[in-house]
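Asks:
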Amino acid sequence: GAIHSSGDLAQLTISNSTLTINRTDGSGSFGGAIASLGNLTISDSTVANNTSVKGGGIYSDSGASNTATISRSTVDHNQAPVDETSNGGGIANHGNLILENSTVCNNNAAASGGGIFNNASASISSSTICSNLAGNGPTATGGGIYSAAPGVVTLRNTIVGDNLDHFSIPSDVGGEWSSGGYNLIET
């Protein structure tokens, strides 16, 4: 991928940037554009047209004490296309994620979470999650967002729509999630 940041004290900040047409290869690879294993802040940026086995655009494993914050940004046309472990076409989150005033659209994953895969804590507010696709296998779900146990996604003032699973069935939010109010979710 384009950027790999790791370490307990790692602080990666990306602002007013475009990360496009990057890829990681090999089984178990992650973060087509960004792989962050520490604190991550992305603002006013675009992550588009990237490819990886996990986290086609962004892979964040911030752990319990770190946070990935994405604001006023676009995550678009990224993919995790390889196999049943390929989660998170746009974003794969394995830590604390805050997504605000952002768009996650047109991403796809071979497994779950075409737009966003979460298995930790994610707070999404004032954002749009649209036109993402999950899967080519029978267990693929969460075209827009998939939150695997023990993860929970909280949505507030967010639009989630036009996302599909591999059967071309609307699949906007899968797994554990809660509403903070004022959401529009396609059913």
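Be aware that the sequence shown starts at 304, since it is given in the numbering used here, and climbs by one per residue. Cβ atoms here follow ideal geometry from the backbone N, Cα and C, with glycine treated the same way.
Report the residue from Gly417, Gly398, Ala413 whose alpha carbon sits nearest the alpha carbon of Val407.
Replies: Of Gly417, Gly398, Ala413, the residue nearest in Cα terms is Gly417.
Asks: DSSP three-state label for Arg375, please.
Replies: coil
Asks: For Ser471, does the three-state DSSP call read helix, strand or coil?
Replies: coil
Asks: Rounded to the nearest angstrom, what separates Ile306 and Ser471 at their Cα positions?
Replies: 33 Å
Asks: Please classify Ile324: does DSSP put it in a helix, a strand, or coil?
Replies: Ile324: coil per DSSP, three-state reduction.
Asks: Please state whether DSSP places Glu254 in a helix, a strand or coil.
Replies: The structure shown does not extend to residue 254, since the chain spans only 304 to 490, so no value can be given for it.
Asks: Using a Cβ distance threshold of 8 Å, determine whether the stretch 367-374 contacts the stretch 326-335, with at least three qualifying pairs required.
Replies: no
Asks: Excluding the 5 residues flanking Thr442 on each side, which residues of the same chain have their C-beta closer than 8 Å to its C-beta?
Replies: A distance below 8 Å between beta-carbons, with the five flanking residues on each side excluded, links Thr442 to the following residues of its chain, in chain order: Glu387, Ala414, Ser415.
Asks: Just confirm the distance between the C-beta atoms of Val378 and Ile361, as a whole number of angstroms; I'd bet it's less than 8 Å.
Replies: About 7 Å; that satisfies the 8 Å criterion.
Asks: According to the neighbour-count rule (16 or more other Cβ atoms, all chains shown, within 10 Å of its Cβ), is Thr461 buried or exposed?
Replies: buried
Asks: Put His380 into one of helix, strand or coil per three-state DSSP.
Replies: Reduced to three states, the DSSP call for His380 is coil.
Asks: According to DSSP, what are the bridge partners of Glu259?
Replies: Because the chain in this structure spans residues 304 to 490, residue 259 falls outside the shown range and cannot be described.
Asks: Can you tell me which of Ile324, Ser346, Asn342 puts its alpha carbon nearest to the alpha carbon of Gly359?
Replies: Ile324
Asks: Which same chain residues end up closer than 6 Å to Thr321 when comparing Cβ atoms and leaving out the 5 residues on each side of it in sequence?
Replies: Thr349
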